[in-house]
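Colleague: Protein chains in written order, with the working numbering: chain Z, 2 to 283; chain A, 2 to 283; chain R, 1147 to 1458; chain V, 1147 to 1458. Please see the structure below; I have some questions.
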Amino acid sequence: MGWFSWGKKEKNQEAPAKEDLWTQCTACKAMLFKEEWHKKWKVCPVCGFHDKLAARERINLLVDPKSFYEFDARITISDPLKFTDDKGSYAEKAQQACDKTGLREAVVTGRGKLHGLRIVLAVMDFNFMGGSLGSGTGEKIFRATEFARKKRMPLIIASASGGARMHEGIVSLMQMAKTSAALARLHEAGIPFISLLTNPTTGGVSASYAMLGDLNIAEPGALVGFAGRRVIEQTIKQKLPDEFQTAEYVREHGFIDLVIPRKDLRDTLHKLIQYSMNTKVD
Amino acid sequence: MGWFSWGKKEKNQEAPAKEDLWTQCTACKAMLFKEEWHKKWKVCPVCGFHDKLAARERINLLVDPKSFYEFDARITISDPLKFTDDKGSYAEKAQQACDKTGLREAVVTGRGKLHGLRIVLAVMDFNFMGGSLGSGTGEKIFRATEFARKKRMPLIIASASGGARMHEGIVSLMQMAKTSAALARLHEAGIPFISLLTNPTTGGVSASYAMLGDLNIAEPGALVGFAGRRVIEQTIKQKLPDEFQTAEYVREHGFIDLVIPRKDLRDTLHKLIQYSMNTKVD
Amino acid sequence: MSFDFEKPLEDLETRIRELTALKESKPEVQTNIDKLSLRLEEECKAIYSRLTAWQTVQVARHPERPSLRDYIAGLFTDFIELHGDRCFGDDQAIIGGFATFEKHRVLIIGHQKGKSVEENIRFNFGMARPEGYRKALRLLRLAEKFHLPVISFIDTSGAFPGLDAEERGQAEAIARNLRDMSRIATPIVVLVTGEGGSGGALGIGVGDKILMLSNSVYSVISPEGCASILWRDGAKAPEAAEALKITAPALLKLKIIDEIIPEPVGGAHRNMDGVMKAVRKSLLKHLAELKGLSIKKLLDRRYEKFAKIGRF
Amino acid sequence: MSFDFEKPLEDLETRIRELTALKESKPEVQTNIDKLSLRLEEECKAIYSRLTAWQTVQVARHPERPSLRDYIAGLFTDFIELHGDRCFGDDQAIIGGFATFEKHRVLIIGHQKGKSVEENIRFNFGMARPEGYRKALRLLRLAEKFHLPVISFIDTSGAFPGLDAEERGQAEAIARNLRDMSRIATPIVVLVTGEGGSGGALGIGVGDKILMLSNSVYSVISPEGCASILWRDGAKAPEAAEALKITAPALLKLKIIDEIIPEPVGGAHRNMDGVMKAVRKSLLKHLAELKGLSIKKLLDRRYEKFAKIGRF
Ligand SMILES: [Zn+2]
Ligand SMILES: [Zn+2]
């Protein structure tokens, strides 16, 4: 089934209060008519700022209606360290993330069609604990990659992540190796993998699957990098340029193939899949 | 058979004239006792300058006595363009090079043993038209590489060259592709190739086989680069640092594994072959 | 821009222009215009059929000569440029990407020259740095994985001879391409459209078919460079150009290239549509032939193609 | 250098030193010396057997702790360092080369930390840049081609977080190593000797066996970093260290590592020979086991090893 789109959800609700009709652009602070903004998939019509999409929203953006079948929806967080900090336990924090997002992990995986072409899709959700890479996240991506390999379907992973999920300690770190190993086999099998880097893609996620696409594509202005800006500034003791670690900057340094505005994303991906699967020219 | 070594040649000759007993170091201008200098394989005992070795001298340096069997000794230059410049024909110039060096091409190839280990060896001679890569050079290296692949013997190419031999025009340029293609198959077959870069290794030779070693090793101070110093200075309109394009500089930039003094060359190569052929530990 | 040897054409063109301006008032000049036009075409054909090697060099370098982007626009649809070498940068002197050519999905790589000062700075006059060669190789590997044939467009005076290019391994980058392109398991058609300058050209020039436009050149060294070394006088470039045998007919005779694609009368810069038509026809033929081969056969033939150059 | 928690040891050592100085004139103090020496050893054993996670971090970072070069000198013969990534440079924070280990020819890679200011500048404190990871991968491919088993020594606080490292693709370099190391067709033994710092450690840490020295640590983030994010107070590093479960025993329990190599009493920095002996024994065992496997079996097991971490 297709997941709820914002528009659909709207219809099922009461008429919204007046203050709910408007939202403000995070970047340029312009007041935007919410429905318009959602129709443009949260891209500001004034400054072009691409706001974060929830996993379900991005899935709606990318796949044909009613074509998405989710994998492993019951996989949720595990707590191998029984981790607790002074503000409480990881278990509680994770439960809150589940409640807030309606998800059980920081990634939704499944198969679907994009303009009729079959794809395997993994979409991270930054709202779920900063899109951090936990063992559940890693396992779901690993399984989706294995599925793509076995069914010989192209794989698209849309990343949005601050990095590894430190509450799972070394188990989280090892998800980098685990997902990358699955991609090694996918590559050996000759199956295309397109990595979509969205704002932000950093740390352990950028240092594993997000950078391993046959094609790495990114959304405009997305933050893409390994180390955090503040850490780097402390290390080198100088201020970094504004454009540092933007998608465009990373493209110029050779690590991103294309920066694609959200409005063109679906069509561009469609073309890239056609080339990568070398389907017949219509 | 082993090729004439300088010492051997000396014995067969009359007592040399006094002025023949001494030579001057090209680098530091020190007066050197010729026999001593030759015993050190033309390395200056004062400043360590590694002077050019003729192909036969280097073969003597590298292989066990009487172990060298030359390949394709009859291959000599061809003149596909019937090239002539205002000082005369390529054919004449090549004949002079043959006469001067006792060689028929700018490379001597063959098989031999290095501390008992079987190797295929190609050694360029800068004295033969600046070690330029002509079709005869390319063909000999191609054949030696094919031999190494078929017999599963490690290949060592000692380069000394100013680049392609322009008198053979495009045919010379294509030797870069031809030799590199042979190395591609050697690599696929899992056979080690050690490239030894000696002074100078530039232009089309550095941009083909000389840079394609599993291990690239160089002699101290050897000039290693693609474009000529003067061309670069004209292009960028600034003077280049002294150490530019030295073996040590190129090593620091990631393209040379080791810089090995001539006195250690034979032993180091022996060890590297042992590792690369993974022979039994004694 | 026109060349010294095109002076007769220029004169004719001027007279035709003058007469054409009179036509309104004196319709009878049409006969003269027709005659002159015919002469112009014949003269043009005559001049271009007996170009010296050095004149061909000049035509090959003509600033109005079609560049990679003209070929992309004229021959392909759905071009998607792909960026970066996954190592250091995104060289603009060699670009590449997916494109559709008739019924073929292909990968294009090629040197990019500019037609204005700004463009030439951006594209570095089509002189690539190591990252350009490494980007090309990355894209070639993509093409191999995705079973896309490759068309490589060559038009460069040479690899960039700069300090930074040396530091980052110009020699190594070209060498690796020569080695790895010989084994890329997908058809590769190489087309020299303008200047085929030495190792900088060959660095994306190893393939199954090497085609040349009739007024392009391909050489181990620039005529000027050769002249200044062997003649000790760069002004002797015309002599060097002749001696180096760098024109398409000479290279066909030497069996280095597989086909000459004829340019329209007066050179590619005079008739873009004509060039496109000729290139399209040739590429279609060669792609069809190469796609009919097994990968093993393809790679064996590619190996033999280079092995036999200068064989004894 | 000694730690707060080693104060009792220091006191004992001082007293033994004092008594030893008296021995010449008062031979009867020998009895006391013997007693104190025994107590010192027991105390040392006691302290080191109940180190907290944070204390272990301090031991793992001890400046006198054996570094890569100590292991090379202590365990191997005929080390030949190989340089360069064939792309940009020769990082000194990760080094590698051929070496002989008993009857095995092997390839070594590893982080190199310095013991002096000059060394630390040269080796960048063992924090590698992309070219370090790329050099390691190049050497791994050599090892694969030459059928040499690999021993990877991990000791880094993390990958270098610098502007240049970001520009040249720190993320990509580590990612590629993770992917490609999973398929390098030769045995790989990974040994964490000191600090296993996050992605910077894992970037040369994918292998068939993961071993840890008993006082080394391996963590997704430094305790300080974790504390400053989750506790919003870097001083809470001890709490974070505890919570992160970064010690060898904790990681063995989590089934992340295969074996703990016991350090001599009082830590590796107190007894170099003892460490070498223990490491030698362990490496010999694991190399023998891995060399007995077919490459297919080896790679299948390596894949499964990581696949099962965090499996549901
Ligand atoms: Zn805005
Ligand atoms: Zn000297």
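Note that the Cβ used here is the ideal one computed from N, Cα and C, for glycine as well.
Confirm, please, whether the CB-CB distance from glutamate 1227 of chain V to glycine 1242 of chain V is below 9 Å.
Modeller: For this step, residue 1242 of chain V is matched to residue 96 along the fourth sequence. For this step, residue 1227 of chain V is matched to residue 81 along the fourth sequence. Against a cut-off of 9 Å, the Cβ pair of glutamate 1227 of chain V and glycine 1242 of chain V comes out as a contact.
Colleague: Given this structure, state the Cα-to-Cα distance separating isoleucine 1300 of chain V from arginine 59 of chain Z, to the nearest angstrom.
Modeller: Your numbering for residue 1300 of chain V matches position 154 in the fourth sequence. Your numbering for residue 59 of chain Z matches position 58 in the first sequence. C-alpha separation (whole angstroms): 39 Å.
Colleague: Could you check if glutamine 1201 of chain R is buried or exposed, using at least 16 other CB atoms within 10 Å of its CB as the buried criterion?
Modeller: Your numbering for residue 1201 of chain R matches position 55 in the third sequence. Glutamine 1201 of chain R is buried by the Cβ-count criterion.
Colleague: Does the beta-carbon of valine 282 of chain Z have 16 or more other beta-carbons within 10 angstroms, so that it is buried, or is it exposed?
Modeller: Against the first sequence, residue 282 of chain Z aligns to sequence position 281. Per the 10 Å Cβ criterion, exposed.
Colleague: Check whether the Cβ atoms of leucine 198 of chain Z and alanine 178 of chain Z lie closer than 9 Å to each other.
Modeller: Working through the first sequence from its first residue, we reach residue 198 of chain Z at position 197. Working through the first sequence from its first residue, we reach residue 178 of chain Z at position 177. No, they are not a contact pair.
Colleague: Rounding to the nearest angstrom, what Cα-Cα distance links alanine 145 of chain A and valine 121 of chain A in this structure?
Modeller: What you label residue 145 of chain A is simply residue 144 of the second sequence in a count that begins at 1. What you label residue 121 of chain A is simply residue 120 of the second sequence in a count that begins at 1. About 7 Å.
Colleague: I want to verify the contact list: residues of chain R whose CB lies under 8 Å from the CB of glycine 1349 of chain V, in sequence order.
Modeller: Walking along the fourth sequence from the start, residue 1349 of chain V turns up at place 203. Those within 8 Å of glycine 1349 of chain V in chain R number zero; the least Cβ separation is about 16 Å.
Colleague: Mind checking if isoleucine 1297 of chain R is an interface residue toward chain Z, Cβ cutoff 9 Å exclusive?
Modeller: Counting from 1 along the third sequence, the entry for residue 1297 of chain R is found at position 151. Chain Z contact via Cβ: absent.
Colleague: Closer than 7 Å by beta-carbon distance: list the chain V residues that pair up with arginine 252 of chain A, in chain order.
Modeller: For the purposes of this step, residue 252 of chain A is taken as the residue at position 251 of the second sequence. Here the neighbours are His1229, Gly1230 and Asp1236.
Colleague: DSSP beta-bridge partners for histidine 1250 of chain V?
Modeller: Numbered from 1 along the fourth sequence, position 104 holds the residue referred to as residue 1250 of chain V. Paired residues: V:Phe1247.
Colleague: Which residues of chain V have a Cβ atom closer than 7 Å to the Cβ of aspartate 87 of chain Z, listed in chain order?
Modeller: Translated into positions along the first sequence, residue 87 of chain Z becomes position 86. Simply Trp1377.
Colleague: Could you tell me if the beta carbon of phenylalanine 50 of chain A falls within a distance shorter than 8 Å of some heavy atom in ligand 2?
Modeller: Counted from its first residue, the second sequence places residue 50 of chain A at position 49. Yes, the beta carbon of phenylalanine 50 of chain A sits closer than 8 Å to at least one heavy atom of ligand 2.
Colleague: Need the endpoints of the alpha helix (DSSP H) that threonine 1302 of chain V sits in, please.
Modeller: Translated into positions along the fourth sequence, residue 1302 of chain V becomes position 156. Per DSSP, threonine 1302 of chain V belongs to no alpha helix (DSSP H); it is in the beta strand (DSSP E), 1296-1302.
Colleague: Could you check whether the Cβ of threonine 1302 of chain V sits closer than 9 Å to any Cβ belonging to chain A?
Modeller: Along the fourth sequence, read from residue 1 onward, the residue named residue 1302 of chain V stands at position 156. Judged by the 9 Å Cβ criterion, threonine 1302 of chain V is not in contact with chain A.
Colleague: What would DSSP say about lysine 1261 of chain V, mapped onto helix, strand or coil?
Modeller: Here the question's residue 1261 of chain V lines up with position 115 in the fourth sequence. Lysine 1261 of chain V falls in the coil class under three-state DSSP.
Colleague: Quick one: measure Cβ to Cβ for isoleucine 1330 of chain V and leucine 1286 of chain V, integer angstroms, because I've assumed they're closer than 8 Å.
Modeller: By 1-based counting over the fourth sequence, the position of residue 1330 of chain V is 184. By 1-based counting over the fourth sequence, the position of residue 1286 of chain V is 140. With 8 Å as the limit, isoleucine 1330 of chain V and leucine 1286 of chain V qualify as a contact, their Cβ atoms being about 5 Å apart.
Colleague: Tell me where the alpha helix (DSSP H) around valine 1425 of chain R begins and ends.
Modeller: For this step, residue 1425 of chain R is matched to residue 279 along the third sequence. Its alpha helix (DSSP H) spans residues 1418-1437.
Colleague: Would you call the stretch 134-141 of chain Z and the stretch 166-178 of chain Z in contact, with 3 or more CB pairs under 8 Å?
Modeller: With the cut-off at 8 Å, the stretch 134-141 of chain Z and the stretch 166-178 of chain Z touch.
Colleague: Under three-state DSSP, which class holds aspartate 100 of chain Z?
Modeller: Here residue 100 of chain Z refers to the residue found at position 99 of the first sequence. The answer is helix: DSSP assigns aspartate 100 of chain Z an H, G or I state.
Colleague: Starting from the N-terminal side, write out each stretch of the beta strand (DSSP E) that is 3 residues or longer and does not extend beyond the stretch 1355-1427 of chain R.
Modeller: As far as the stretch 1355-1427 of chain R is concerned, its whole beta strand (DSSP E) runs of at least 3 residues are 1355-1359, 1363-1365 and 1405-1407.
Colleague: Within the same chain, show all residues whose beta-carbon is closer than 8 Å to that of glycine 1304 of chain R, passing over the 5 residues directly before and after it, in chain order.
Modeller: Against the third sequence, residue 1304 of chain R aligns to sequence position 158. Cβ within range, chain order: Met1273, Gly1343, Ser1344, Gly1345, Gly1346, Ala1347 and Ser1368.
Colleague: In three-state terms, what does DSSP make of tryptophan 23 of chain A?
Modeller: In the second sequence, counting from the first residue as 1, residue 23 of chain A sits at position 22. Looking at tryptophan 23 of chain A - three-state DSSP - the assignment turns out to be strand.
Colleague: Below 8 Å on C-beta distance, what does histidine 1293 of chain R contact in chain Z?
Modeller: By one-based count along the third sequence, residue 1293 of chain R stands at place 147. Neighbours of histidine 1293 of chain R on chain Z, chain order: Asn279.
Colleague: Hey, would you say leucine 1357 of chain V sits closer than 9 Å to isoleucine 1403 of chain V, going by beta carbons?
Modeller: As a first step, residue 1357 of chain V is located in the fourth sequence; it is residue number 211 there, counting from the start. As a first step, residue 1403 of chain V is located in the fourth sequence; it is residue number 257 there, counting from the start. Against a cut-off of 9 Å, the Cβ pair of isoleucine 1403 of chain V and leucine 1357 of chain V comes out as a contact.
Colleague: Hey, how far is the Cα of glutamate 1341 of chain V from the Cα of lysine 1401 of chain V?
Modeller: Within the fourth sequence, residue 1341 of chain V is the residue found at index 195, counting from 1. Within the fourth sequence, residue 1401 of chain V is the residue found at index 255, counting from 1. In a straight line, the C-alpha of glutamate 1341 of chain V is about 19 Å away from that of lysine 1401 of chain V.
Colleague: What does aspartate 258 of chain A reach in chain V if we use C-beta pairs closer than 9 Å?
Modeller: Against the second sequence, residue 258 of chain A aligns to sequence position 257. Within chain V, the residues near aspartate 258 of chain A are Ile1226, Glu1227, Leu1228, His1229, Gly1230 and Gly1243.
Colleague: What first and last residue would you give for the alpha helix (DSSP H) that runs through phenylalanine 72 of chain A?
Modeller: The residue labelled residue 72 of chain A in the question sits at position 71 within the second sequence. Here phenylalanine 72 of chain A belongs to no alpha helix (DSSP H); instead the beta strand (DSSP E) covers 70-72.
Colleague: Given a limit of 7 Å on CB to CB distance, which residues of the stretch 178-204 of chain Z reach chain R?
Modeller: Listed by position, the residues of the stretch 178-204 of chain Z near chain R (Cβ gap below 7 Å) are Gly191 and Pro193.
Colleague: Using the three-state DSSP reduction, which class does isoleucine 1241 of chain R fall into: helix, strand or coil?
Modeller: Here residue 1241 of chain R corresponds to residue number 95 of the third sequence, with the count starting at 1. Isoleucine 1241 of chain R falls in the strand class under three-state DSSP.
Colleague: Between the C-alpha atoms of leucine 1337 of chain V and leucine 216 of chain A, what's the straight-line distance to the nearest angstrom?
Modeller: The sequence position of residue 1337 of chain V within the fourth sequence is 191, counting from 1. The sequence position of residue 216 of chain A within the second sequence is 215, counting from 1. About 26 Å.
Colleague: Counting only Cβ pairs nearer than 9 Å, list the residues of chain R close to glycine 1315 of chain V.
Modeller: Here residue 1315 of chain V refers to the residue found at position 169 when the fourth sequence is read from its first residue. Neighbours of glycine 1315 of chain V on chain R, chain order: Arg1232, Cys1233 and Phe1234.
Colleague: Provide the residue(s) that pair with arginine 112 of chain Z in DSSP beta bridges, ordered along the chain.
Modeller: In the first sequence, counting from the first residue as 1, residue 112 of chain Z sits at position 111. Its beta-bridge partners are Z:Tyr70 and Z:Val121.
Colleague: Under the three-state reduction of DSSP, which class applies to glutamate 37 of chain A: helix, strand or coil?
Modeller: Working through the second sequence from its first residue, we reach residue 37 of chain A at position 36. Three-state result, glutamate 37 of chain A: helix.
Colleague: The stretch 220-251 of chain A: which residues have C-beta closer than 7 Å to a C-beta of chain R, in chain order?
Modeller: Result list: Gly226, Phe227, Ala228, Val232, Ile233, Thr236, Ile237, Leu241 and Gln246.
Colleague: Spell out whether any CB of chain Z is found under 9 Å from the CB atom of proline 1307 of chain V.
Modeller: Here residue 1307 of chain V is taken as the residue at index 161 of the fourth sequence, counted from 1. At least one chain Z Cβ lies under 9 Å of proline 1307 of chain V.
Colleague: Roughly how many angstroms separate the alpha carbons of glycine 1256 of chain R and glutamate 1370 of chain V, rounded to a whole number?
Modeller: Position 110 of the third sequence holds residue 1256 of chain R. Position 224 of the fourth sequence holds residue 1370 of chain V. Glycine 1256 of chain R and glutamate 1370 of chain V: Cα-Cα distance of roughly 50 Å.
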